[in-house]
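Using the numbering used here, the letters of the sequence shown map in sequence onto residues 134 to 387.
The structure under discussion appears below in the form of structure tokens.
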Amino acid sequence: MRKQIVVGNWKMNGSRVTNEILVSHVINDVNENVDVECVICVPFPFLGQVQTLVKNSELSLGAQNVSDQVKGAFTGEVSASMLTEFGCKFVILGHSERRMYNLENDVLIGQKARSAIANGLTPIICLGESLEEREAGDTKAIIKRQLHGALGEVGHESLERCIFAYEPIWAIGTGKTAKPEAAQEVHRFIREEITHIDNYAGQQVRIIYGGSVKSDNAFELFSNDDIDGGLVGGASLSGEDFKKIYLAAKQKNK
Ligand code: 13P
Numbered sequence: 134m135r136k137q138i139v140v141g142n143w144k145m146n147g148s149r150v151t152n153e154i155l156v157s158h159v160i161n162d163v164n165e166n167v168d169v170e171c172v173i174c175v176p177f178p179f180l181g182q183v184q185t186l187v188k189n190s191e192l193s194l195g196a197q198n199v200s201d202q203v204k205g206a207f208t209g210e211v212s213a214s215m216l217t218e219f220g221c222k223f224v225i226l227g228h229s230e231r232r233m234y235n236l237e238n239d240v241l242i243g244q245k246a247r248s249a250i251a252n253g254l255t256p257i258i259c260l261g262e263s264l265e266e267r268e269a270g271d272t273k274a275i276i277k278r279q280l281h282g283a284l285g286e287v288g289h290e291s292l293e294r295c296i297f298a299y300e301p302i303w304a305i306g307t308g309k310t311a312k313p314e315a316a317q318e319v320h321r322f323i324r325e326e327i328t329h330i331d332n333y334a335g336q337q338v339r340i341i342y343g344g345s346v347k348s349d350n351a352f353e354l355f356s357n358d359d360i361d362g363g364l365v366g367g368a369s370l371s372g373e374d375f376k377k378i379y380l381a382a383k384q385k386n387k
């Protein structure tokens with residue numbers, strides 16, 4: 134069975150004071166439940182602080198972006214090796230907000246993932262359609278393009294080193310969660326696409342759901358066969374809610 138994983142995406146939120154409170158809320162539960170992985174992806178300036186807060190715990194640290202370049206004259210960019218110096222193990226890539234506001238495309242996202250993997254990081258590659266694309270019946274075509282566009286750069290041999298997140302854009306920050314069976318259908322489709330490339334990777338790779346995951350819908354979503362946990366935005370900013378979501382993933386293991 135694939136190990137469930139719950140990832141908090143803090144986006145551009147947090148402060149030195151609130152970060153400490155948030156981490157202290159979840160860290161004990163995460164230490165006691167090692168059968169479910171827990172990650173928090175924090176803004177760059179907080180990596181050092183949160184690295185110290187999670188030291189010697191089972192709570193893992195991640196970032197929300199990385200450069201595709203190794204080093205040099207790239208003002209404002211952060212390299213994968215810098216992230217590992219701060220104890221990062223994961224990096225979210227291809228989030229729809231970065232696709233939209235920073236015009237990131239599938240190829241660049243794949244190049245970033247390649248750079249992350251080369252430095253021992255696990256990329257969490259986000260895929261998802263807009264409302265118009267869903268209503269036009271294009272969901273699978275969009276997901277397929279995003280998946281294969283990124284994998285063309287990552288290389289099929291590194292497929293197993295990736296996590297994929299299905300995040301329908303219309304469900305992000307809107308309170309409109311995908312119906313569990315609709316999410317499962319897309320997760321199954323992603324897994325089938327991966328299986329066509331590599332049967333073993335198709336069984337091993339984790340595919341997590343994001344988009345208005347809350348404490349009251351997490352279990353219903355996570356209990357589907359091809360949903361291996363969640364990528365949580367707003368609710369990851371509340372220690373109490375994030376803890377409940379994390380524990381919902383644990384219930385699936387029973
Ligand atoms: P919300 O959980 O706030 O909908 O955000 C989802 C998301 O974008 C996680 O990456």
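Note that beta-carbon positions come from the ideal geometry of N, C-alpha and C, so glycine has one too.
Assigned secondary structure, residue i (DSSP; H/G/I helix, E/B strand, else coil)
i: Gly282; result: helix
i: Asn142; result: strand
i: Glu262; result: coil
i: Ile276; result: helix
i: Phe355; result: helix
i: Ala246; result: helix
i: Glu196; result: According to the sequence as given, residue 196 is Ala; it is not Glu. If DSSP states are grouped into helix, strand and coil, Ala196 belongs with the strands.
i: Lys222; result: strand
i: Glu300; result: coil
i: Ile360; result: coil
i: Ile323; result: helix
i: Thr310; result: coil
i: Ile305; result: coil
i: Thr185; result: helix
Closest by C-alpha distance to residue i, when choosing among the options
i: Gly366; options: Lys136, Ala251 and Ile225; result: Ile225
i: Asn161; options: Gln384, Leu380 and Arg324; result: Leu380
i: Val172; options: Lys377, Ser371, Leu364 and Ala246; result: Leu364
i: Thr185; options: Gly308, Ala334, Trp303 and Asn152; result: Asn152
i: Ile330; options: Cys221, Arg339 and Leu284; result: Leu284
i: Gly372; options: Arg135, Ile138 and Trp143; result: Trp143
i: Asn252; options: Ser291, Tyr234 and Glu230; result: Ser291
i: Phe117; options: His228, His158, Arg135 and Lys136; result: Nothing can be reported for residue 117, as the shown portion of the chain is limited to 134 through 387.
i: Ala351; options: Thr217, Ile323 and Lys385; result: Lys385
i: Ile323; options: Gly308, Asp359 and Thr307; result: Asp359
i: Gln182; options: Gly147, Gly227, Val319 and Ile296; result: Gly147
i: Ser369; options: Arg232, Met145 and Phe177; result: Met145
i: Pro178; options: Arg232, Leu264 and Leu216; result: Leu216
i: Asn357; options: Asn332, Ala316 and Thr328; result: Ala316
9 Å Cβ cutoff met for residue i and residue j
i: Ser348; j: Thr310; result: no
i: Glu293; j: Gln337; result: yes
i: Ala196; j: Val175; result: yes
i: Phe223; j: Ser193; result: yes
i: Pro301; j: Thr255; result: no
i: Tyr169; j: Gln202; result: Residue identity check: residue 169 is Val in the sequence provided, not Tyr. Cβ atoms of Val169 and Gln202: not closer than 9 Å.
i: Val139; j: Ile296; result: no
i: Lys188; j: Gly141; result: no
Same chain, Cβ closer than 7 Å to residue i, five either side skipped, listed in chain order
i: Val167; result: Glu191
i: Phe81; result: Here the chain has residues from 134 to 387 only, and residue 81 is not among them.
i: Lys204; result: Ser212
i: Thr307; result: Ser345
i: Glu266; result: Thr272 and Ile275
Presumed contact (8 Å Cβ cut-off) between residue i and residue j, rounded CB distance
i: Phe242; j: Ile258; result: Sequence inspection shows Ile at residue 242; the Phe mentioned does not correspond to that position. 7 Å between Cβ atoms; contact.
i: Ile341; j: Ala304; result: With a Cβ gap of about 13 Å, Ile341 and Ala304 do not count as contacting.
i: Glu353; j: Pro313; result: 5 Å
i: Lys277; j: Glu230; result: Incorrect: roughly 21 Å between the Cβ atoms, too far for contact.
i: Ala382; j: Gly362; result: 5 Å
i: Cys218; j: Gly227; result: It is Glu, not Cys, that sits at residue 218 in the sequence shown. In fact, because the Cβ distance is near 23 Å, the residues do not count as touching under 8 Å.
i: Arg339; j: Arg135; result: 5 Å
i: Glu210; j: Ala246; result: Going by Cβ atoms, the distance from Glu210 to Ala246 rounds to 15 Å, so no, they are not a contact pair.
Nonlocal neighbours in the same chain, by C-beta distance under 6 Å from residue i, ignoring five residues either side
i: Gln279; result: Asp239 and Leu260
i: Ile250; result: Ser291 and Arg294
beta-carbon residue i near ligand 3 non-hydrogen atom, thresh 8 Å
i: Val175; result: In the structure on display, ligand 3 does not appear, and the ligands it does have are ligand 1.
Cβ-based neighbour list, residue i, same chain, cut-off 8 Å, excluding 5 preceding and 5 following
i: Thr328; result: Ala334, Gly335 and Gln336
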